[in-house]
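Step one of this worksheet: look at the structure below.
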Amino acid sequence: MKRLYLLLAAIFVILMLLPLFLDNYALGIFVMIFYWAYVGQSWNVLTGYTGHISLGHALYIGIGAYATTYLAQTFGLTPWIGMFLGGFIAVAVALFLGFLGFRFGLRGVYFVIMTIAFAEITRLVVSHIEALGSFTGIFLDFNPSFYNFQFRENVPYYYIALGFMLASLAAVRLIEVSKVGRFIVAIREDEEAAQALGVNTFKYNMIAIAISAFMTSLAGAFYANYIFYLHPNSLFGMSLSIELILRPIVGGLGTLFGPVIGSIILTPLSEISRAYFAKGGLEGLHLILYGVLTILVVLFMPKGIIVYVRRLLRPILKPAGGK
Amino acid sequence: MSFDLSFVVLQLLNGLTNAMFIFLIASGLSIIFGVLGVLNFAHGSLYMLGAYATYQCVSLFVDFPGQFWWAVIAASVAVALLGGIIERLLLRRLYHQVEINQLLLTYALVLVLGDLARFIWGVDQLSVSRPAVLRGAVEILGQYFPKYNVFILFLGPCVAFLFWFFMLRTRWGRMVRAAALDRETLGALGVNVDRLFTVVFMIGSWLGALGGALVAPVITIRPGMDVEIIINAFIVVVIGGLGSFWGTFLGALIVGPVYALGILVFPRLSMIFIYVIMVVVLMTRPWGLLGRPLQR
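Quick note, the sequences are listed as chains A and B, same order. According to our numbering, the stretch in the first sequence is residues 657 to 979, in order. According to our numbering, the stretch in the second sequence is residues -13 to 282, in order.
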């Protein structure tokens, strides 16, 4: 275990120093790696650990982005506070969805369709609210300052996104070792058995969906102030919901480092191929690439790439003689 | 806003026509789920390919009499074959995997097939003209209702009835129903379950593609129609009960008219009514109106 901590510490130091050596474009790719790892981790809390599949997590990103932006534009509230208010709205929506789903015992695909439907309803409603820019969306004004959560260079975004990702790792690790975490994993393995043993599965499912929604919505606040454009179709749409689950699945569902590993592999690929194909006038070809890659991973590495990473790291982390 | 009765009736008929289209598509989705246990996101893509293939065939068969009908048959059969290939090469390997991987694989197919369609047919809107015998309209209460829609209104129940007959009275139909209930026992009885699964997936794909082929003359064919329809089809099967054939029919009969009449009240937010119905159904009968509770 000691070697694992040494390795993690070394990676941390490298990541802290990286902006000294990289140009703005390369840093942007790292921002996206951290961002998607963070979002994937947030989704992982619900689906990876409880086993309840959400294909509507774009909903919480959208809520976070819109709430933060609306509060900033209307009341001048700093996104640093606004994102937490957005988080509470996301939690309220998630608890409502969770109440319907868990209370009425929706299983499997019924729960999945419910999550899709909630995101779609919200997309439709937001598309018709004038104050939220209706279907044309909202452009954010660019006023770089710490208060506004907006910056000229990628360096501050880099450290914020890195902080988000590390905080999510720490949070999920804390949940993993806590009593709550053990109950949640018990629910994933066998919900009825857990219930029979006296675990209040409804309560722990609700805790998991609330944490997951809160974390995801913070990512929305980051997204809004990094991209500067909010559009209901892209923020509440199903393609975002799927995009954000690819990384944890490719990396390893229900594992602490799965979303990070998935993001390290998929994000640069998607950024580079998107830019490459757009240059050749072939926008959208990256989707085929995505699709084929996903099919290959699902068919040949169903437990995720983390299995191979663990095997690779074993000789380094565990010298002869075991732990 | 004045509610002219004849206008409401016409809108109701339009809603019922749409219900028949949705029924064709959703019944394919439903039978695949009922037997294979896979919620197939790519079903919308097969529907879209059915529409594109019909466009292609209509322009290929331009010299034949009755070109539209030949095109519908050719396109839906071609897509059904594609479905068979997908089941054999990809889905088959996933039946023992966790649910999320199955969902993800079928969604990956949405991306691949969607992009392929864009390469072959471009991003422009395409259209197919109605077959010669069904051009024009009939007069109902002083309003004009297209003959083609009348034809669809009759075709939908016919397909439903034929399908029901197939499931109830034929050997294959019995095997399909048995596979939905207990595939292990069916296999132990000497039925080739692997082949049965392929056939069921092809039938489901054919129904989806048939929906796409028949809807081609009344909509514009364009990228994005795959994801749009799949969400509607999901809602219909959830309301009716996943895997339940008549449930799907009932679900479509509710969703089509409610959406069409909802437009009269909330022009742009009519979908909300559909979602509300779905949520109410899920709260009172989580397995759908005519479905069975899931064992898992």
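For glycine and all other residues, C-beta sits at the position ideal for the given N, C-alpha and C.
Here's the rule: buried if 16 or more other CB atoms are within 10 angstroms of the residue's CB, otherwise exposed. What is residue i?
{"i": "residue 677 (chain A)", "result": "exposed"}
{"i": "residue 122 (chain B)", "result": "exposed"}
{"i": "residue 282 (chain B)", "result": "In this prediction, residue 282 (chain B) scores a pLDDT of 40, lower than 50, which makes its location untrustworthy; the coordinate-derived value is nonetheless stated afterwards. Looking at its Cβ environment, which holds fewer than 16 other Cβ atoms inside 10 Å, residue 282 (chain B) is exposed."}
{"i": "residue 145 (chain B)", "result": "buried"}
{"i": "residue 970 (chain A)", "result": "exposed"}
{"i": "residue 977 (chain A)", "result": "In this prediction, residue 977 (chain A) scores a pLDDT of 47, lower than 50, which makes its location untrustworthy; the coordinate-derived value is nonetheless stated afterwards. Residue 977 (chain A) should be labelled exposed."}
{"i": "residue 801 (chain A)", "result": "exposed"}
{"i": "residue 962 (chain A)", "result": "buried"}
{"i": "residue 849 (chain A)", "result": "exposed"}
{"i": "residue -13 (chain B)", "result": "The predicted model places residue -13 (chain B) with a pLDDT of 48, which falls under 50 and marks its position as unreliable, so this point remains unresolved."}
{"i": "residue 786 (chain A)", "result": "exposed"}
{"i": "residue 979 (chain A)", "result": "Because residue 979 (chain A) carries a pLDDT of 39, less than 50, the predicted location of this residue cannot be relied on, and the following value inherits that uncertainty. Exposed, since its Cβ has fewer than 16 Cβ neighbours within 10 Å."}
Of all the CB atoms in chain A, is at least one closer than 8 Å to the CB of residue i?
{"i": "residue 222 (chain B)", "result": "no"}
{"i": "residue 283 (chain B)", "result": "Here chain B has residues from -13 to 282 only, and residue 283 (chain B) is not among them."}
{"i": "residue 203 (chain B)", "result": "no"}
{"i": "residue 267 (chain B)", "result": "no"}
{"i": "residue 34 (chain B)", "result": "no"}
{"i": "residue 208 (chain B)", "result": "no"}
{"i": "residue 10 (chain B)", "result": "no"}
{"i": "residue 217 (chain B)", "result": "yes"}
{"i": "residue 282 (chain B)", "result": "Interpretation of residue 282 (chain B) is limited by its pLDDT of 40, a score under 50 that renders its predicted location unreliable; the figure taken from the coordinates is listed afterwards. Residue 282 (chain B) counts as touching chain A."}
{"i": "residue 46 (chain B)", "result": "no"}
{"i": "residue 100 (chain B)", "result": "yes"}
{"i": "residue 213 (chain B)", "result": "yes"}
{"i": "residue 68 (chain B)", "result": "no"}
{"i": "residue 175 (chain B)", "result": "no"}
{"i": "residue 167 (chain B)", "result": "no"}
{"i": "residue 15 (chain B)", "result": "no"}
{"i": "residue 25 (chain B)", "result": "yes"}
{"i": "residue -13 (chain B)", "result": "Because the pLDDT at residue -13 (chain B) is just 48, under 50, the model does not fix this residue reliably, and the value given afterwards should be weighed accordingly. For residue -13 (chain B), the answer is no, since every Cβ of chain A falls outside 8 Å of its Cβ."}
Per the DSSP calculation, residue i is bridged to which residue(s)?
{"i": "residue 885 (chain A)", "result": "A:795"}
{"i": "residue 132 (chain B)", "result": "B:123"}
{"i": "residue 895 (chain A)", "result": "In the DSSP output, where bridge partners are listed per residue, residue 895 (chain A) has none listed."}
{"i": "residue 806 (chain A)", "result": "A:801"}
{"i": "residue 207 (chain B)", "result": "B:112"}
Do residue i and residue j have their C-beta atoms closer together than 8 Å?
{"i": "residue 2 (chain B)", "j": "residue 760 (chain A)", "result": "no"}
{"i": "residue 694 (chain A)", "j": "residue 892 (chain A)", "result": "no"}
{"i": "residue 876 (chain A)", "j": "residue 718 (chain A)", "result": "yes"}
{"i": "residue 97 (chain B)", "j": "residue 943 (chain A)", "result": "yes"}
{"i": "residue 210 (chain B)", "j": "residue 276 (chain B)", "result": "no"}
{"i": "residue 897 (chain A)", "j": "residue 775 (chain A)", "result": "yes"}
{"i": "residue 235 (chain B)", "j": "residue 69 (chain B)", "result": "no"}
{"i": "residue 31 (chain B)", "j": "residue 212 (chain B)", "result": "yes"}
{"i": "residue 828 (chain A)", "j": "residue 697 (chain A)", "result": "yes"}
{"i": "residue 910 (chain A)", "j": "residue 700 (chain A)", "result": "yes"}
{"i": "residue 791 (chain A)", "j": "residue 924 (chain A)", "result": "no"}
{"i": "residue 190 (chain B)", "j": "residue 233 (chain B)", "result": "no"}
{"i": "residue 41 (chain B)", "j": "residue 112 (chain B)", "result": "yes"}
{"i": "residue 8 (chain B)", "j": "residue 222 (chain B)", "result": "yes"}
{"i": "residue 306 (chain B)", "j": "residue -2 (chain B)", "result": "Here chain B comprises residues numbered -13 to 282, so residue 306 (chain B) is not present and cannot be evaluated."}
8 Å is my cut-off, CB to CB: does residue i come that close to chain B?
{"i": "residue 750 (chain A)", "result": "no"}
{"i": "residue 964 (chain A)", "result": "no"}
{"i": "residue 977 (chain A)", "result": "Its pLDDT being 47, under 50, residue 977 (chain A) is placed unreliably by the model, and the measurement read from it follows with that caveat. With 8 Å as the cut-off, residue 977 (chain A) does not count as an interface residue toward chain B."}
{"i": "residue 957 (chain A)", "result": "no"}
{"i": "residue 973 (chain A)", "result": "no"}
{"i": "residue 887 (chain A)", "result": "no"}
{"i": "residue 819 (chain A)", "result": "no"}
{"i": "residue 961 (chain A)", "result": "no"}
{"i": "residue 776 (chain A)", "result": "yes"}
{"i": "residue 865 (chain A)", "result": "no"}
{"i": "residue 841 (chain A)", "result": "no"}
{"i": "residue 943 (chain A)", "result": "yes"}
{"i": "residue 923 (chain A)", "result": "no"}
{"i": "residue 717 (chain A)", "result": "no"}
{"i": "residue 792 (chain A)", "result": "no"}
{"i": "residue 946 (chain A)", "result": "yes"}
{"i": "residue 950 (chain A)", "result": "yes"}
Just to confirm, does residue i get its C-beta within under 7 Å of one of the non-hydrogen atoms of the ligand GDP?
{"i": "residue 673 (chain A)", "result": "Although the ligand GDP was asked about, the structure shown includes no ligands whatsoever."}
Using a Cβ-Cβ cutoff of 9 Å, what residues of the region 78 to 98 of chain B are near chain A? List them in chain order. 79, 80, 83, 84, 85, 86, 87, 88, 89, 90, 91, 93, 94, 95, 96, 97, 98
Check each residue of the region 891 to 916 of chain A: if its Cβ is closer than 9 Å to any Cβ of chain B, include it; give the result in chain order. 893, 894, 895, 898, 901, 902, 905, 909
Give the residues from the region 687 to 714 of chain A that approach chain B closer than 8 Å (Cβ to any Cβ), ordered along the chain. 703, 709, 711
Could you run through the region 248 to 276 of chain B and flag, in chain order, every residue whose CB is less than 8 Å away from some CB of chain A? 254, 255, 257, 258, 261, 264, 265, 268, 269, 272, 273
Along the region 190 to 202 of chain B, where does the CB come closer than 9 Å to a CB of chain A? Name the residues. none
In chain order, what residues of the region 750 to 775 of chain A put their CB closer than 8 Å to some CB of chain B? 756, 760, 761, 762, 763, 764, 765, 766, 768, 769, 770, 772, 773
What are the residues of the region 779 to 790 of chain A that lie near chain B, defined by any Cβ-Cβ distance shorter than 9 Å? 780, 781, 783, 784
Contact set between the region 227 to 251 of chain B and chain A, restricted to residues whose Cβ is under 9 Å from the partner: 228
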